[in-house]
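Remarks on the structure that follows.
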Amino acid sequence: MTRTVASHWKKTGAFLSKYGIYFAFLLLVGFLAVFSPPFLTPDNIINVLRQTSINGIIAVGMTFVIITGGIDLSVGSVLALSAVIAASFAHPGAHPLLVPVALGLLAGLASGMVNGVLIAKKRLAPFIVTLGMMTAARGLALVYTSGRPVINLSNAYDKIGGADLAGVPLPVLIFLMVVLAGVFLLHYTRFGRYVFAVGGNELAAKVSGINTDRTVVGVYALTGALAGAAGVVLSSRVMSASPAIGEGYELDAIAAVVIGGTSLSGGVGSIAGSIVGALIIGVMNNGLDMLNVSSYWQQIVKGVIIVLAVLLDKKSKI
Amino acid sequence: MIFDPSNPPVSGRKASDGPVLRMEGISKSFSGVAALDNVSLQVARGEVHALMGENGAGKSTLMKILSGIVERDRGEICLDGEPVEIRTPKEALRLGISMIHQELNPVRAMTVSENLFLGREPCYRFTNVVNRRRQRELTRSLLREMDISLNPDARMRDLSVSQMQLVEIVKAVSYNARIIIMDEPTSAITGREVEKLFEIIGSLKSRGIAVIYISHKMDEVFRIADSVTVLRDGQYIGTRPSGQLDHDTLVRLMVGRELSQLFPRITPRKGSVSLEVEGLSKRGKFQDISFRARRGEVLGFAGLMGAGRSEIMETLFGMHRADAGIVKMDGREVHIHSPADAVRCRMALITEDRQLKGLNLKASVKANLTLVSLKKFSRFGQILQPGRESRAADAEIEKFRIKTRDRNQAVNTLSGGNQQKVVLAKWLLGDPEIVILDEPTRGIDIGAKAEIYRIIGQLAEQGKTILMVSSELPEILGLCDRVVVLCHGRINGEFERRQFDPERILKAAMGNGGGGAKSGNN
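Residue numbers (the working numbering), protein chains in the order written: chain G, 1 to 318; chain V, 319 to 840.
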């Protein structure tokens, strides 16, 4: 009798911890809907999604990296580098829209590949390599712009971040596309399966005939490219590209991934979790603003949530 | 006699004449499989007592019980005639039992004296501040007492393996040990260092400390052991004074068993030569390895741990680079530089350590099963076809009788035998031509063993080429058509099935002139 009760609780516990993050999200939304009615208005929801889209795009890439057991601290700086490069080719009448967009993505891709090659081939710790890239890419952005923001961007470029389709902002649509592509790549392709295999046991993956180096390079290149995409979207939305933008974004992305239940030790995780993680951060920022909570307190709340999420995750594994 | 752990080591402590250690009727099973069944061990004060037996005989389990790492199910342990309970390694230390493991784990960044006093640092009075000077002095006097010249301030990472071992021994003595267990202490050291170790063992004896010595090296055992206890399959076989034993008797005691019905009857149907290896060498690991293997043949590789068998197989499989040598498959030379190359050449390697190199323990049974041959279940080679993948996984689970709730169960929740079947199945799903098995039945129960033997038999009948590394002689004798015996990285004998003789194989593995290729010591 006691055993059945115990196992019942165990099952409930397992269910709760598996989907706990989704419940937490719903709870948060419900709470804000009650205490701050304007929260659930369509305008505000769109607003939250728009605010979340940048972090969300980066978090998709970060999920891949963290599942391999790595980390990418350089995404914020790579975002800035891509933004200034893209924006510098986006002055009115200078080039077709494709040029700045492609160059922004390429800058991110290239930075990511450098990360990946150093990590996979030279066997350097991801933390160190991307810490170096974080500093160097920021420096490159500053050198490239002489420290001044790139302004005077074309109308076409501004549309990437400013236009909307049937009331849905373009950044949100881009975010949605990135998520769908990420889910497909991670869960429905051979590459995605290898990402899990490398994170779960790199040696076993290698022995199984998988080119683990190629997988690792691919993951960092992807993350770099997504940081580049985020840079393009962000600079377009704010209609300028400062070499200082994106500072601290890497930590928001890591937080989203970790809140979403992806383990920092690698081998397990999901894009869906990271997206909910990013949404929780976005909703919290927005909701706490609406409740007139000072931004100082917001930081404290955010910090507590991150640790709580990991604690919950850890409990579910015991 | 009441034992006071705070006492400084007393040299030549003489107490009652009874045995210092008596273990009686010790039994232990792991998840229903008996590892030890009613085993006894009696060790006299100040003697060197060798514990012998094949791998899996239960030696290490018995010693883990004695040193508090594993708890026994039944039986009695008496120290100096008094029954004791040993539940943790710390209690064992307190009772004067120290174990020096085969793999040494010092804190490498710390100095010799810091390691010696780890967890019991001498401090200034009324503080927790380490009195480094006193720690150093104590270390010096300990080292002097045992006539070991080492700098107390040397970092552990700068020491050789044998020096680290000496530090471990000094540490054990400094805990006022009555019994020191040494697990294969000479596996990583050479000639002069071995002599030094034996000298130290001699001085331990003269202090009245008993040494339980686990080793596969016969010549060492005969040199230093006073008595020998033999275990086999978790059973106590007997204890003899080493003076009354000779090589052959000891080997017979260790091996002496009928080959059971475990092994499938393979009708030898040897085909063409599929794999030729010529002069494969890797410095410091193995030299001049040459052999041929045919289709439908099970070629065994016998030898002691550290003989280089796993390294040879891993090198063949592209995990390490050879310094020299040629590998031919079906008469054509192949260059295998990575496991990916090996897989392309239709080789499979079931590694010795399934948890470290064989499985992704964080993934499901299905994901592990299909990892090697994922391409087969992908459209355009890239996009997974979940339906086909799942069906293939289910088929493998059924074919190999893998006991799992379903294909999505986490592989780390399976038993060792079932995990091993997952590893086998994942490789065989790729339909390899050459299957290398490195200790395929290590640490799994007898039922799973029999099933794995059955699978190996089937593979041979299908005309696959099978290379099997095993430390379990019965397995080699029962399954292989031919066996290559390795000793210290060289081939030291080769036997056809009709010449199979456990004693000759064991002798060849231990460095005696087995197949006449090389004569060893003794």
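The beta-carbon is built from N, C-alpha and C at its ideal position, and this holds for glycine as well. Since this is a predicted model, take the numbers as computed values, not measurements.
Bridge partners for A168 of chain G per DSSP, in chain order?
The count along the first sequence starts at 1 and reaches residue 168 of chain G at position 168. Before going further, note that residue 168 of chain G is Val rather than Ala in the sequence given. The partner list for V168 of chain G (beta bridge, DSSP) reads G:L165.
List, in chain order, every chain G residue whose beta-carbon is nearer than 7 Å to that of I701 of chain V.
Looking up residue 701 of chain V in the second sequence gives position 383. Ordered by position in chain G, the residues that pass the 7 Å Cβ test against I701 of chain V are Y188 and T189.
With a CB to CB cut of under 7 Å and the five nearest residues on each side skipped, what residues in its chain are close to E285 of chain V?
Chain V is shown only over 319 to 840; residue 285 of chain V falls outside these bounds and no answer can be derived.
Closer than 7 Å, CB to CB, is N730 of chain V near chain G or not?
By 1-based counting over the second sequence, the position of residue 730 of chain V is 412. Output row for N730 of chain V: interface = no.
Hey, is G676 of chain V's beta-carbon within less than 7 Å of any beta-carbon in chain G?
Here residue 676 of chain V is taken as the residue at index 358 of the second sequence, counted from 1. Yes, G676 of chain V lies at the interface with chain G (some Cβ there is under 7 Å from its Cβ).
Between which two residues does the alpha helix (DSSP H) harbouring Q453 of chain V extend?
Looking up residue 453 of chain V in the second sequence gives position 135. Run containing Q453 of chain V: R450 to E463, per the alpha helix (DSSP H) assignment.
Apart from the five residues just before and just after A362 of chain V, which ones in its own chain have a Cβ nearer than 6 Å to its Cβ?
The sequence position of residue 362 of chain V within the second sequence is 44, counting from 1. Within its own chain, the residues whose Cβ lies closer than 6 Å to the Cβ of A362 of chain V, once the five positions on either side in sequence are excluded, are P337, listed in chain order.
Taking any Cβ of chain G, which residues in the segment 657-670 of chain V have a Cβ under 8 Å from it, in chain order?
So the list reads P657, A658, A660, V661, R662, L667 and T669, given in the order they occur along the chain.
Check each residue of the segment 198-229 of chain G: if its Cβ is closer than 8 Å to any Cβ of chain V, include it; give the result in chain order.
G199, G200, N201, L203, A204, A205, K206, V207, S208, G209, I210 and N211
Closest Cβ-Cβ distance between S691 of chain V and chain C: below 7 Å?
Of the chains in the structure shown, none is chain C; the protein chains are G and V.
Please confirm whether V268 of chain G has its beta-carbon closer than 7 Å to some beta-carbon of chain V.
Start at 1 with the first residue of the first sequence, and residue 268 of chain G comes out as number 268. Interface residue, yes.
Within 10 Å of its beta-carbon, does W841 of chain V have 16 or more other beta-carbons around it, so buried, or fewer, so exposed?
Any property of residue 841 of chain V remains undetermined from this structure, which presents chain V solely from 319 to 840.
Give me the Cα-Cα distance between Y531 of chain V and V546 of chain V, rounded to the nearest whole angstrom.
Locating residue 531 of chain V in the second sequence gives position 213, where the first residue counts as 1. Locating residue 546 of chain V in the second sequence gives position 228, where the first residue counts as 1. Y531 of chain V and V546 of chain V have their C-alpha atoms spaced approximately 9 Å apart.
Quick check on this structure: which residue in V:A528, V:I404 and V:L484 has the alpha carbon closest to the alpha carbon of L422 of chain V?
Along the second sequence, one-based indexing puts residue 422 of chain V at 104. Looking at the Cα atoms, V:L484 is the closest of the given residues.
Using the three-state DSSP reduction, which class does G104 of chain G fall into: helix, strand or coil?
Along the first sequence, read from residue 1 onward, the residue named residue 104 of chain G stands at position 104. If DSSP states are grouped into helix, strand and coil, G104 of chain G belongs with the helices.
Select from V:D564, V:M572, V:L755 and V:G561 the residue whose C-alpha is nearest the C-alpha of I555 of chain V.
What you label residue 555 of chain V is simply residue 237 of the second sequence in a count that begins at 1. Residue V:M572 holds the alpha-carbon nearest to the alpha-carbon of I555 of chain V among V:D564, V:M572, V:L755 and V:G561.
Could you check the C-alpha separation between R650 of chain V and S628 of chain V for me, to the nearest Å?
To locate residue 650 of chain V, count along the second sequence from 1; it is residue 332. To locate residue 628 of chain V, count along the second sequence from 1; it is residue 310. In this structure, the straight-line span from the alpha carbon of R650 of chain V to that of S628 of chain V is close to 24 Å.
Taking the DSSP output, what are the residues bridged to H187 of chain G?
Here residue 187 of chain G refers to the residue found at position 187 of the first sequence. BP columns for H187 of chain G are empty, so no partner.
Compare the Cα-Cα distances from S385 of chain V to each of V:H367, V:M623 and V:R412 and report the closest residue.
Indexing the second sequence from 1 puts residue 385 of chain V at position 67. Residue V:R412 holds the alpha-carbon nearest to the alpha-carbon of S385 of chain V among V:H367, V:M623 and V:R412.
Using DSSP with H/G/I as helix, E/B as strand and the rest coil, what is P758 of chain V?
The residue labelled residue 758 of chain V in the question sits at position 440 within the second sequence. Here P758 of chain V carries a coil assignment [DSSP, helix/strand/coil].
List the DSSP bridge partners of V357 of chain V.
Stepping through the second sequence from its first residue, residue 357 of chain V is reached at position 39. Within the DSSP bridge table, the entry for V357 of chain V names V:I344 as partners.
When the distance is taken between beta carbons, is G231 of chain G closer than 7 Å to A59 of chain G?
Within the first sequence, numbered from 1, the residue matching residue 59 of chain G stands at position 59. Within the first sequence, numbered from 1, the residue matching residue 231 of chain G stands at position 231. Not closer than 7 Å, so no.
Rounding to the nearest angstrom, what Cα-Cα distance links L677 of chain V and N686 of chain V in this structure?
Here residue 677 of chain V corresponds to residue number 359 of the second sequence, with the count starting at 1. Here residue 686 of chain V corresponds to residue number 368 of the second sequence, with the count starting at 1. The alpha-carbon atoms of L677 of chain V and N686 of chain V are separated by roughly 7 Å.
What does L634 of chain V touch in chain G if you count any residue whose Cβ is under 9 Å from its own?
Here the question's residue 634 of chain V lines up with position 316 in the second sequence. Within chain G, no residue comes near L634 of chain V; the closest Cβ sits about 13 Å away, beyond 9 Å.
What residues match up with P559 of chain V in a beta bridge as DSSP calls it?
Here residue 559 of chain V corresponds to residue number 241 of the second sequence, with the count starting at 1. Note: P559 of chain V sits in a beta bridge opposite V:S545.
Comparing the C-beta of R193 of chain G with each C-beta of chain V, is any distance below 7 Å?
Locating residue 193 of chain G in the first sequence gives position 193, counting from the first residue. Yes, its Cβ sits closer than 7 Å to a Cβ of chain V.
Give a yes or no on whether the minimum CB-CB distance between A743 of chain V and chain G is below 7 Å.
Locating residue 743 of chain V in the second sequence gives position 425, counting from the first residue. So, not an interface residue.
Just the C-alpha distance for L456 of chain V and A490 of chain V, rounded to the nearest angstrom, thanks.
Reading the second sequence from its first residue, position 138 is the one you call residue 456 of chain V. Reading the second sequence from its first residue, position 172 is the one you call residue 490 of chain V. When rounded, the distance between both Cα atoms is 14 Å.
Cβ-heavy atom distance between A472 of chain V and the ligand GDP below 6 Å?
Only the bare structure without any ligand can be found here, which leaves the ligand GDP out of the picture.
Going along chain G in order, which residues have a C-beta closer than 8 Å to the C-beta of A681 of chain V?
Here residue 681 of chain V corresponds to residue number 363 of the second sequence, with the count starting at 1. Near A681 of chain V (Cβ distances below 8 Å), the residues of chain G are F196, A197, G200 and G267.
If L264 of chain G and G112 of chain G are in contact, beta carbons under 8 Å, what's the gap, nearest whole angstrom?
To locate residue 264 of chain G, count along the first sequence from 1; it is residue 264. To locate residue 112 of chain G, count along the first sequence from 1; it is residue 112. Going by Cβ atoms, the distance from L264 of chain G to G112 of chain G rounds to 19 Å, so no, they are not a contact pair.
Relative to the C-alpha of Q780 of chain V, which candidate in V:L797, V:L804, V:D749 and V:V801 has its C-alpha closest?
Stepping through the second sequence from its first residue, residue 780 of chain V is reached at position 462. Nearest C-alpha to Q780 of chain V: V:D749.
Judging by CA-CA distance, which residue of V:E403, V:I487, V:L549 and V:D551 is the nearest neighbour of L522 of chain V?
Residue numbering aside, residue 522 of chain V sits at position 204 when the second sequence is read from its first letter. Closest option to L522 of chain V, Cα to Cα, is V:I487.
Below 6 Å CB to CB, which residues in the same chain sit around F818 of chain V once its five sequence neighbours on both sides are set aside?
Numbered from its first residue, the second sequence carries residue 818 of chain V at position 500. Cβ neighbours of F818 of chain V beyond the five flanking positions: L795.
Which residues in the same chain as A309 of chain G place their Cβ atom closer than 6 Å to its Cβ, once the five residues preceding and following it in sequence are excluded?
Against the first sequence, residue 309 of chain G aligns to sequence position 309. Cβ neighbours of A309 of chain G beyond the five flanking positions: I259.
Give me, in chain order, the residues of the same chain whose beta-carbon lies closer than 8 Å to that of T429 of chain V; leave out the 5 immediate sequence neighbours on both sides.
Start at 1 with the first residue of the second sequence, and residue 429 of chain V comes out as number 111. If we look at T429 of chain V and ignore the five residues flanking it on each side, its Cβ neighbours are P470, D471, A472, R473 and M474.
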